[in-house]
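Just so you know, we're using the working numbering here: the sequence shown kicks off at 57 and counts up by one. By construction, the Cβ of each residue, glycine as well, lies at the ideal position given by its N, Cα and C atoms. Report on one structure; see the data block that follows.
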Amino acid sequence: MTPNEPTVLVDSELLAIYLNDHWAGAAAGGALARRLWRQNASSDWGDRLRRLAEEIKEDDQTLARLRSHFSVDGGRAKRVFARASEIGSRLKPNGRMFGYSPLSRLLEAEAMLSGVAGKQRLWSACRHGLPPGSAPAFDFETLERRAGQQLELLREFHHHAAGLAFNNRAGARA
Numbered sequence: 057m058t059p060n061e062p063t064v065l066v067d068s069e070l071l072a073i074y075l076n077d078h079w080a081g082a083a084a085g086g087a088l089a090r091r092l093w094r095q096n097a098s099s100d101w102g103d104r105l106r107r108l109a110e111e112i113k114e115d116d117q118t119l120a121r122l123r124s125h126f127s128v129d130g131g132r133a134k135r136v137f138a139r140a141s142e143i144g145s146r147l148k149p150n151g152r153m154f155g156y157s158p159l160s161r162l163l164e165a166e167a168m169l170s171g172v173a174g175k176q177r178l179w180s181a182c183r184h185g186l187p188p189g190s191a192p193a194f195d196f197e198t199l200e201r202r203a204g205q206q207l208e209l210l211r212e213f214h215h216h217a218a219g220l221a222f223n224n225r226a227g228a229r230a
């Protein structure tokens, strides 16, 4: 920093908690995105869900870089717990003893919608809340826009999943 540059002050304690909470959620969201893709890979949605899972992995890596940029450490226990919770959520009653249920598809789409909406709010909070110049390597506006595109895809998939779950017409279930 040169003498002419303004000092950038960030509440590092609150930022660390905030980023670690989102980093934990990203672990669960990434695992769920991969599961959603794997369970629907042979459908018309396979390629789109694969790209979504890849983007979510990239977003997780961006968040890890942001944590590093602000020297945020810790949070591993939260991340492990979030991942374990995602695995545990698979044990819910879904109308089928074994295998992937249309209800599982719908509930997973809803969980992904919630998670990606939270991620979009993360990027927005960083864009509007961090002091100007404190994270110049990160394009929060683009990240926020990409999360919006992910939400649109997930909304369309949610509509598809709802139709598969509740439509009893022959051939409507996948």
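Review point. Residue range of the alpha helix (DSSP H) that Ala87 falls in?
Key: 68-95
Review point. Which residues in the same chain have their Cβ closer than 8 Å to the Cβ of Gly86, if we skip the five residues on either side of it in sequence?
Key: So the list reads Ala109, Ile112, Lys113, Asp116, once near-sequence residues are dropped.
Exercise for review: On a CA-only basis, which of Ala191, Ser170, His125 is nearest Gln206? Give me that one, please.
Suggested key: Ser170
Review point. By Cβ distance, which residues of its chain are closer than 8 Å to Gly204, with the 5 residues on each side in sequence left out?
Key: Gln176
Practice item. Following the continuous alpha helix (DSSP H) through Gly204, name the residue where it begins and the one where it ends. Key: 196-222
Exercise for review: Indicate the three-state DSSP secondary structure (helix, strand or coil) for Ser98 in the structure shown.
Suggested key: coil
Exercise for review: Pair every Cβ in the region 158-174 with every Cβ in the region 75-95, then say whether three or more of these pairs are closer than 8 Å.
Suggested key: By the Cβ rule, the region 158-174 counts as touching the region 75-95, because three or more pairs are nearer than 8 Å.
Review point. Alpha carbon to alpha carbon, what distance is there between Ser160 and Trp93?
Key: Their backbone Cα atoms lie some 13 Å apart in a straight line.
Practice item. Just the C-alpha distance for Asp129 and Gly219, rounded to the nearest angstrom, thanks. Key: 43 Å
Practice item. Would you mind sorting Asn223 into buried or exposed? The rule is 16 or more other CB atoms within 10 Å of its CB. Key: exposed
**Study point:** Supposed close pair Pro158, Ala84 - CB separation, criterion 8 Å
**Key:** Not confirmed; about 22 Å, so no contact.
Review point. From what residue to what residue does the alpha helix (DSSP H) around Ser160 run?
Key: 158-185
Check your understanding: Going by Cα to Cα distance, which pick from Ser99, Leu71, Ala165, Ala191 is closest to His125?
Key -> Measuring from the Cα of His125, the nearest candidate turns out to be Ala191.
Exercise for review: Could you pull out every residue in the same chain whose Cβ sits closer than 7 Å to the Cβ of Leu210, ignoring the five residues on either side in sequence?
Suggested key: Ala165, Met168, Leu169, Val172
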